[in-house]
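This report concerns only the one structure given below.
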Amino acid sequence: MTTTKVPLAPGLGELLRYVTELLDGGSEERYADLGVSYRARYTPVLRAIAAGAVTVTEITELTRLTQGAVSQTAGLMISDGIISRSPMSDGRKSELRLTDSGEALLAKVSAQWELIFSALDELEKEIGHPLRRVLMDAADALERRGFADRLRTLSKRERKQRTGAHAR
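Residues in the sequence shown are numbered consecutively from 337, following the working numbering.
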């Protein structure tokens with residue numbers, strides 16, 4: 337028996353990951369062109385620290401990244417010598433601070449961020465959609481009503497339709 341392969345339409349998660357890989361890969365390629373060893377995933381954490389955030393919780397609030405993602409990225413940044421972690425005076429939380437090499441790195445990459453946002457503006461014009469606005473709106477909607485709740489509601493609706501159709 338021969339099977340015909342039907343093209344599989346990518347799901348939303350696949351598309352989001354792929355677009356992120358393309359954006360991050362392009363950014364990292366450009367950093368390498370400039371002679372800067374830098375991971376694109378550091379950008380939201382570095383921007384938050386530059387804006388005054390000092391704890392994982394503060395970075396999470398500013399970036400909308402999960403606490404786990406911020407902690408994992410901070411660990412990598414500590415290993416790379418970009419930031420340091422030290423206990424705060426209350427003894428309950430840790431403070432994240434740029435090291436001297438982190439300060440030097442920030443000076444190099446912050447100018448590139450302006451170009452990245454300009455390139456994103458051009459991309460949005462090219463595709464005719466405000467990509468960042470759409471994603472922010474989607475995030476806001478999912479924070480108001482989670483995806484699991486949406487799935488439960490649809491599942492209940494389908495069950496009612498099936499049982500209602502059989503009851504006739």
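Glycine residues also receive a C-beta, built at the ideal position from the N, C-alpha and C atoms.
Best match in the options for proximity to residue i [C-alpha to C-alpha]
i: residue 433; options: 353, 421, 405 and 441; result: 421
i: residue 417; options: 441, 395 and 405; result: 441
i: residue 372; options: 447, 429, 353 and 498; result: 447
i: residue 474; options: 411, 340, 344 and 348; result: 348
i: residue 374; options: 340, 342, 415 and 405; result: 415
i: residue 370; options: 443, 425 and 384; result: 443
Buried versus exposed call for residue i [16 or more other C-beta atoms within 10 Å across all chains shown]
i: residue 356; result: exposed
i: residue 445; result: buried
i: residue 438; result: buried
i: residue 463; result: exposed
i: residue 563; result: Here the chain covers residues 337 to 504 and nothing more, so residue 563 does not appear.
i: residue 289; result: Residue numbering for the chain in the displayed model covers 337 to 504; residue 289 lies beyond these limits and cannot be assessed.
i: residue 342; result: exposed
i: residue 470; result: exposed
i: residue 384; result: buried
Extent of the continuous beta strand (DSSP E) to which residue i belongs
i: residue 418; result: Counting along the chain, residue 418 falls outside any beta strand (DSSP E), and DSSP gives it neither H nor E.
i: residue 433; result: 430-434
Nonlocal neighbours in the same chain, by C-beta distance under 7 Å from residue i, ignoring five residues either side
i: residue 452; result: 363
i: residue 435; result: 417, 418, 419 and 420
i: residue 413; result: 378, 381 and 419
Residue i and residue j closer than 8 Å at C-beta
i: residue 399; j: residue 380; result: yes
i: residue 468; j: residue 456; result: yes
i: residue 386; j: residue 395; result: no
i: residue 458; j: residue 466; result: no
Limits of the alpha helix (DSSP H) - the one that residue i falls within
i: residue 386; result: 379-386
i: residue 353; result: 348-369
i: residue 472; result: 467-480
i: residue 398; result: 392-399
Own chain residues within Cβ distance below 6 Å of residue i, not counting five before or after
i: residue 391; result: 429
Close Cβ partners of residue i (< 8 Å) along its chain, the five nearest in sequence each way excluded
i: residue 407; result: 392
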